[in-house]
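Just below is one structure, and these are the notes that go with it.
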Amino acid sequence: MRLSAAFLPTLKESPADAQVVSHVLLARGGYIRQVAAGVYNFLPLGWRVVRKIEEIVRQEMDRAGAQEVLMPAAVPAKLWQESGRWEQYGPELLRFKDRKGAEFCIGPTHEEVIVEMVRRDTSSYRDLPLNLYQIQAKFRDEMRPRAGLMRGREFIMKDAYSFDVSDERALAAYDAMYAAYARIFRRCGLDFRAVEADTGAIGGSRSHEFQVLAESGEDAIVACDRCTYAANVEQAEVAAPTAPGIVPGAAGHAATTERAQVATPGKKSIEDVAAFLGVPQTQLIKALVYMADGKPVLALVRGDRGLNEVALKKALGAKHVYLARDVEVVDAIGVAPGFVGPVGPLRGEVAVWADAELRGARGAVCGANAADAHLVGVDVERDLPGVRFAPLRFAEPGDRCPRCGEGTYRGFKGIEVGHVFFLGTKYSAPMQCDFVDEQGATKPMVMGCYGIGITRVAAAAIEQNHDAGGICWPISIAPYEVEIVALQAGDVAVMAAAQALYDGLRARGVEVLFDDRDERPGAKFKDADLIGVPLRVAVGARSLKDGKLELKARRDAQPTLIAVDGAVELLAARVAEEHQKLRDAADAPWGSPS
RNA sequence: CGGGGCGUAGCGCAGUCUGGUAGCGCGCUUGGUUCGGGACCAAGAAGUCGGAGGUUCGAAUCCUCUCGCCCCGACCA
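Residue numbers for the first sequence follow the numbering used here, beginning at 4 and rising by one.
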């Protein structure tokens with residue numbers, strides 16, 4: 004593509020509403036433009052990137068035995084009513100009526116449609132397994148779209164659905180998708196982790212998120228530095244403690260093991276209480292009142308820890324858990340938040356749960372269940388006879404890995420670019436997506452679903468691959484492979500050499516962007532850095548008189564001189580080599596879900 | 001949905017408090033000088049001041065309503 008003829012509007016300044024780096028660079032580089040909140044136009048450059056990612060996904064899905072289909076964006080409510088999700092799904096589902104008044108939605112995901120498609124024409128075990136996928140624009144009416152392509156309302160997604168005769172076969176399909184996903188993200192040049200995720204309401208036995216590691220990520224994850232275990236912090240297991248998390252401290256209130264009440268007027272937060280009493284925050288017990296399926300529960304963690312609601316929910320076997328509102332706290336405990344503690348008297352029947360780390364804790368400080376007072380010298384075993392223990396706190400970086408027992412957790416922020424899910428018969432059973440097995444018995448098919456946020460991959464790739472000047476695309480998903488910069492558009496020799504290089508590379512199938520504009524060199528270099536094409540060739544009068552061109556990889560600081568003669572071959576080889584590196588990475592051994 | 005902020009030329013912003021001919025930088029057009037990391041000079045084009053209603057002799061500015069966008073939080077996968 005000649006830049007002089009391209010629709011490639013770059014910006015010197017970033018749009019005011021772009022906050023994260025990928026949004027800024029996509030907008031400045033002429034990749035996307037916003038149309039509405041969370042809705043974007045893809046300009047030619049942006050669309051090329053999307054198609055590159057799609058193509059990798061297609062190749063790997065096909066390689067794994069999946070078949071591509073296309074389902075409608077407009078889905079009749081009838082199907083969603085069958086699965087029960089028409090009522091369950093909130094305002095995130097964009098609903099509308101057609102001219103006859105029939106209700107529809109724009110599909111945010113397509114389990115219902117695919118089940119309808121498969122059950123209609125599949126009835127025998129002989130027809131299974133099946134794995135069908137599509138690549139399509141989805142719409143989720145997010146409360147708060149943000150961060151450009153990272154969390155839009157309309158986004159392009161690959162969603163795949165597998166259908167099998169048994170759990171065992173379905174899990175094999177899951178593992179095949181898991182492996183395909185690892186190949187896809189490695190081919191995209193991304194640094195990622197497959198992390199164990201909350202199976203939540205669906206209750207399946209297996210779910211993994213593929214998280215691209217980036218500072219701007221919305222998800223907190225921990226990964227073992229020795230083994231392959233990685234998980235969302237909400238889901239991460241916490242190793243059983245080997246010693247009590249609170250022991251008597253050196254001096255003052257921290258050293259006390261005799262229980263006593265001390266005045267702490269107006270000191271409500273862990274931070275304030277610790278400072279006021281002159282004890283470390285690790286000496287405190289944080290007491291939080293939760294409402295679990297309508298009943299109050301007092302949950303205890305060490306002062307410096309965070310309580311993990313997912314873990315609490317699991318420990319209680321509760322369906323729904325939320326932090327109690329102030330009035331509910333007073334109602335249940337008899338004192339306002341800030342002075343709540345586990346040592347009686349509690350006003351009502353309140354179950355007390357403590358994090359496993361508090362077993363055997365001594366010399367602790369906690370709320371006194373009286374206004375403006377705390378207790379010191381608390382001994383959990385002695386003072387809390389009815390307490391039950393369970394892992395309640397968030398996993399943290401530095402924790403010992405519970406899986407291998409040797410490594411320690413390291414903390415990361417992640418951008419979720421893929422999610423694989425074992426569904427079981429959640430949709431196939433209610434929607435009667437059945438098959439007849441070898442014995443003639445009718446059974447619901449066993450399903451899995453597998454998503455990749457195509458447009459989010461583009462954003463995540465930039466979050467991970469950029470510098471002060473702009474984007475540094477991995478070659479596999481770059482809009483072009485080589486950019487030729489003709490430094491003096493008015494110089495006949497320069498333009499002839501650049502043109503010859505352009506023609507030669509294109510004849511070899513290399514994707515080339517040719518900056519033939521009548522601009523000053525500085526402007527062209529700035530634009531080239533911003534756009535981020537991985538290989539740049541500068542054709543300038545200065546080196547051309549010696550028969551040389553300047554080759555610079557986007558990530559390199561300095562260019563290297565190459566001869567005009569043979570430049571086409573050299574560049575084509577270099578492009579092939581860059582691609583090969585990513586393919587080799589995909590072929591390298593990689594962990595399995597286990 | 002709760003809290004906060006912002007809508008003025010394609011982009012970034014000033015002007016609003018204290019009403020009186022709509023401005024600056026970038027970009028764009030034309031001419032000239034330049035030409036290896038976003039040049040300089042000169043001349044230009046371009047805005048229903050988000051929209052509707054009101055107050056006023058007069059509204060970007062004051063009042064009411066409304067639409068949109070961004071941020072923080074809660075929510076969801």
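For glycine and all other residues, C-beta sits at the position ideal for the given N, C-alpha and C.
The structure displayed is predicted, hence computed values, not measured ones.
What does the Cβ neighbour count give for N134, buried or exposed, with the cut at 16 atoms within 10 Å? buried
Around the C-beta of P268, are 16 or more other C-beta atoms found within 10 angstroms, so that it is buried, or is it exposed? exposed
For N134: DSSP bridge partner residues: S165
Reducing DSSP to helix, strand and coil, say where M160 ends up. strand
How long is the line joining the alpha carbons of F1 and L46, rounded to whole angstroms? Residue 1 falls outside the range modelled here, since the chain spans only 4 to 597, and no answer is possible.
Looking at the structure shown, is T445 part of a helix, part of a strand, or coil, going by DSSP? strand
Report yes if the C-beta distance between M450 and A173 is below 8 Å; otherwise report no. yes
Whose CA, out of T285, E441, C369, lies closest to the CA of K271? C369
Measuring alpha carbon to alpha carbon, tell me which residue in R122, L48, W50, A69 is nearest L82. R122
Between A481 and P537, what straight-line distance do the alpha-carbon atoms span, to the nearest angstrom? 7 Å
Quick check on this structure: which residue in L97, D124, M74 has the alpha carbon closest to the alpha carbon of E114? M74
Could you compute how far the alpha carbon of K548 sits from the alpha carbon of G493? 15 Å
Which of the three DSSP states, helix, strand or coil, is assigned to T563? strand
Extent of the continuous alpha helix (DSSP H) to which L554 belongs: From DSSP, L554 is part of no alpha helix (DSSP H) but of the beta strand (DSSP E) over 551 to 556.
Where does R54 sit, in a helix, a strand or coil, going by DSSP? helix
What's the C-alpha gap between L28 and G473? 6 Å
Cβ atoms of I455 and V24: under 8 Å apart, would you say? no
Rounding to the nearest angstrom, what Cα-Cα distance links G110 and D162 in this structure? 12 Å
Express the C-alpha separation of W593 and R406 in angstroms, rounding to a whole number. 18 Å
Return the first residue and the last residue of the beta strand (DSSP E) that E419 is part of. 412 to 427
Pairing CB atoms from the segment 458 to 466 with CB atoms from the segment 507 to 517, are three or more of them under 8 Å? no
Within this structure, are the beta carbons of V342 and D382 separated by less than 8 Å? Rather than Val, the amino acid found at residue 342 in this sequence is Phe. No, Cβ-Cβ distance for F342 and D382 is not below 8 Å.
Give me whichever residues DSSP pairs with Q214 in a beta bridge. R196, E419
Which stretch, first to last residue, makes up the beta strand (DSSP E) that contains G337? Run containing G337: none; DSSP gives neither H nor E here.
Specify, as a first and last residue, the run of the beta strand (DSSP E) that H377 falls within. 376 to 381
Note down the Cα distance separating E240 from F188, rounded to an integer number of angstroms. 26 Å
Identity of the residues DSSP links to R396 by a beta bridge: L310
Kindly confirm or deny that the segment 52 to 69 and the segment 92 to 99 touch, where touching means at least three C-beta pairs closer than 8 Å. no
Of the choices G255, F279, T260, whose alpha-carbon is the least far from that of A266? F279
Beta-bridge partners of E71, as assigned by DSSP: Y136
Rounded to the nearest angstrom, what separates C227 and E218 at their Cα positions? 18 Å
Between which two residues does the beta strand (DSSP E) containing M294 stretch? 288 to 295
Return the residue from the list Q214, Y128, L287, G41 that minimises the CA-CA distance to K141. G41
Mapping DSSP to helix, strand and coil, what is G543? coil
Take D532 and list the residues in its own chain whose beta-carbon comes closer than 6 Å to its own, dropping the five residues that flank it on each side. G472, G473
For H582, which residues does DSSP report across the bridge? According to DSSP, H582 bridges with nothing at all.
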